[in-house]
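Note sheet for the following structure.
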Amino acid sequence: MARYALIDGYLDTMRNEMRWRRDLDDVVYEMEDHLYSAVEHLVTRGAEPGNAQRTTLDRFGEPKVLAAVYASTNNGGIAVPTRTTRQAGTFAFIAAGSWLAAAGAHALMTTFADQWQVFYGAFSALVLVGGVFTLLTMVGIGKRLGGLGAVGMIALAVAGLGVAASIIAWAIPFWMGLQGIGYLVFASAVRSRDTAPRPSTLAVASGFIIGVAVFIVANFAKIGWTDSYGDYPLAWAIGAATGLLILAGGLIGWGTWLRSEQPADIDIDATPIPA
Amino acid sequence: MRGQALKGHLDLLLLAILADGAWHGYAIIDELRERSDEAFDLPEGTVYPALHRLQKGGYLSSEWTEVHGRRRRTYRLTEDGRGALGEQRMAWHDFTEAMSRVLKGVPWPDTP
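Quick note, the sequences are listed as chains A and B, same order. Quick note: the first sequence uses our numbering, first residue 495, plus one each step. Quick note: the second sequence uses our numbering, first residue 3, plus one each step.
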């Protein structure tokens, strides 16, 4: 197969413009087949190879415009990594660290029951910090995916309500449950886009649910001792640690993904034709 | 015809071309241009995201083969795609009928 320098240069440009795509190889292979077929067709009909390549590329479209078309979503958004989405990756790491620290504070609260108020205060503060940075991560992910529509907004609102309510530092498990519902719905919307790493999305979706399930089982099994309220602190601790560890793992995965993508440099004002 | 005028109709056109069998992207675009007497001449690269979207929606399936040392993706209509083609074709028919009824009897503007 003869190689055509202009076409190959164009394909290299497209590779760079769409470097964040998971299916990049397939997209470029398909373009390569199209462009080479078109050039060969024109050359067969007597066109000079240089002109055939220029005509073909002119018909195919500008790389920046095409990259925007490829990144466009059904709701009209442009799903590309930006500096904001990279920053959201850092927020995801901070959130994960806060949730892990919260799990640690909860374990200390269980271990040193005589000082539980101190550790409960730390736990509440860390839950608040973790919740705020998880919300910021969610906003960044929404931008990365070109918007998540009404479902994404509702999920953000529910999780945001859970975070805001946790400021009162009372009934924290209940408000965390509200956050968990928000995370579950949000992660479902993220999953439908098939762009974010699936294990991380699954972890964010299921972390709190699994934590609650573990707590219920542990409580039902009457693990450990009872406190003055008749609760089983160890069951609480195991459930909290499980849920928070899974959530933190998911956020670390999201953060790694968002940080790994170089910000795009495409024409986000381009008006895609397919709708 | 400018590409923007095709906005919203591209899916129907692609489904219609693929009703005849399995085609690869270049052949689909070539056929689209030929059947429309070159009236539908849009930036060719923009057709692929539409094909991918239709495949993601379950209306098309695709498979890779190797031709002349290159990887080639060929698209085929699924059962859902065939159903969608029928529905969209009927909707398009109703739309054009209604338009024709409204426009019928309206005098053509004088040519300058």
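In this text, a Cβ means the ideal position worked out from N, Cα and C, and glycines have one as well.
Cutoff 7 Å; reference residue i; Cβ partners in own chain excluding five residues on either side
i: Pro691/A; result: Gly747, Trp751
i: Val526/A; result: A small correction: the amino acid at residue 526/A is Glu; Val does not occupy that position in the sequence shown. Same-chain partners within the cutoff: Leu505.
i: Asp725/A; result: none
i: Thr631/A; result: Ala582, Phe585, Ala586, Ala589, Leu745, Trp748
i: Val104/B; result: none
Run of the beta strand (DSSP E) containing residue i, from where it starts to where it stops
i: Thr76/B; result: 72 to 79
i: Ser63/B; result: 62 to 69
Closer than 7 Å at the beta carbon, the chain A residues around residue i
i: Tyr50/B; result: Glu524
i: Arg74/B; result: Asp527
Reference residue i; option with closest CA among the options
i: Val633/A; options: Val521/A, Asp721/A, Pro575/A, Tyr614/A; result: Pro575/A
i: Leu20/B; options: Gly83/B, Asp43/B, Glu99/B; result: Gly83/B
i: Pro543/A; options: Asp725/A, Leu500/A, Ile732/A; result: Leu500/A
i: Trp653/A; options: Gly641/A, Val533/A, Val621/A; result: According to the sequence provided, residue 653/A is Ala. The question's Trp does not apply to it. Cα-wise, what sits closest to Ala653/A is Val621/A.
i: Ala562/A; options: Asp22/B, Gly47/B, Leu14/B; result: Gly47/B
i: Leu16/B; options: Pro45/B, Tyr50/B, Glu40/B; result: Tyr50/B
i: Ala699/A; options: Trp669/A, Gly733/A, Leu738/A, Thr720/A; result: Leu738/A
i: Asp721/A; options: Arg539/A, Gly646/A, Asp608/A, Ala644/A; result: Asp608/A
i: Ser64/B; options: Arg78/B, Leu44/B, Ile31/B, Ala86/B; result: Arg78/B
i: Arg497/A; options: Val537/A, Asp688/A, Lys716/A; result: Val537/A
i: Phe709/A; options: Ala541/A, Gly624/A, Trp719/A, Gly733/A; result: Gly733/A
i: Trp66/B; options: Leu14/B, Pro109/B, Ala24/B, Phe42/B; result: Ala24/B
i: Ala86/B; options: Thr98/B, Thr76/B, Arg72/B, Gln57/B; result: Gln57/B
Beta-carbon neighbours of residue i, restricted to chain B and to distances below 7 Å
i: Tyr784/A; result: Summary: the structure shown does not reach residue 784/A, with chain A confined to residues 495 through 769, and so no result is reported for it.
Alpha helix (DSSP H) segment containing residue i, residue limits
i: Met525/A; result: 518 to 538
i: Ile482/A; result: Summary: the structure shown does not reach residue 482/A, with chain A confined to residues 495 through 769, and so no result is reported for it.
i: His600/A; result: 577 to 605
i: Pro727/A; result: 727 to 754
i: Asp502/A; result: 499 to 511
i: Gly636/A; result: 610 to 638
i: Lys106/B; result: Per DSSP, Lys106/B belongs to no alpha helix (DSSP H) and is neither H nor E.
i: Arg515/A; result: Where Arg515/A is concerned, there is no enclosing alpha helix (DSSP H), given that its DSSP letter is neither H nor E.
Contact list for residue i against chain A, beta-carbon separation under 9 Å
i: His26/B; result: Glu524, Asp527, His528, Ser531
Sequence-distant residues of the same chain with beta carbon closer than 6 Å to residue i, five excluded per side
i: Thr765/A; result: The predicted model places Thr765/A with a pLDDT of 49, which falls under 50 and marks its position as unreliable; any figure quoted below should be read in that light. Excluding positions up to five away in sequence, the list is empty.
i: Thr604/A; result: Pro727, Ala731
i: Val679/A; result: Ala649
i: Thr550/A; result: Leu529, Ala532, Val533
i: Thr695/A; result: Ala681, Val684, Arg685
i: Ile767/A; result: At Ile767/A the pLDDT is 47, less than 50, meaning the model places this residue with poor confidence; the figure from the coordinates comes in the next sentence. Around Ile767/A: no qualifying Cβ.
Neighbouring residues, chain A, relative to residue i (Cβ below 8 Å)
i: Glu40/B; result: In chain order: nothing, as chain A lies at least about 12 Å away.
Other residues of its chain near residue i: CB distance less than 8 Å, five sequence neighbours each side excluded
i: Gly107/B; result: none
i: Leu560/A; result: Met508, Glu511, Phe554
i: Met92/B; result: none
i: Arg577/A; result: Pro757
i: Tyr564/A; result: Met512, Arg515, Val521
i: Pro111/B; result: none
Residue i Cβ short of 8 Å to the ligand NAD heavy atom set
i: Ala546/A; result: Of ligands this structure carries none, so the ligand NAD is not represented either.
Chain B contact residues for residue i, given Cβ-Cβ distances below 8 Å
i: Phe554/A; result: Pro45, Glu46, Gly47
Under 9 Å by beta carbon: chain B residues contacting residue i
i: Leu560/A; result: Pro45, Gly47, Thr48, Tyr50, Pro51
Problem set entry | alpha helix (DSSP H) segments (min. 4 residues) lying fully within the region 24 to 60 of chain B | 27 to 37, 49 to 58
For this session: Go through the region 640 to 673 of chain A residue by residue and report every complete run of the alpha helix (DSSP H) that reaches 4 residues or more, in order.
Result: Residue ranges of uninterrupted alpha helix (DSSP H) with 4 or more members, entirely inside the region 640 to 673 of chain A and ordered along the chain, are 643 to 659.
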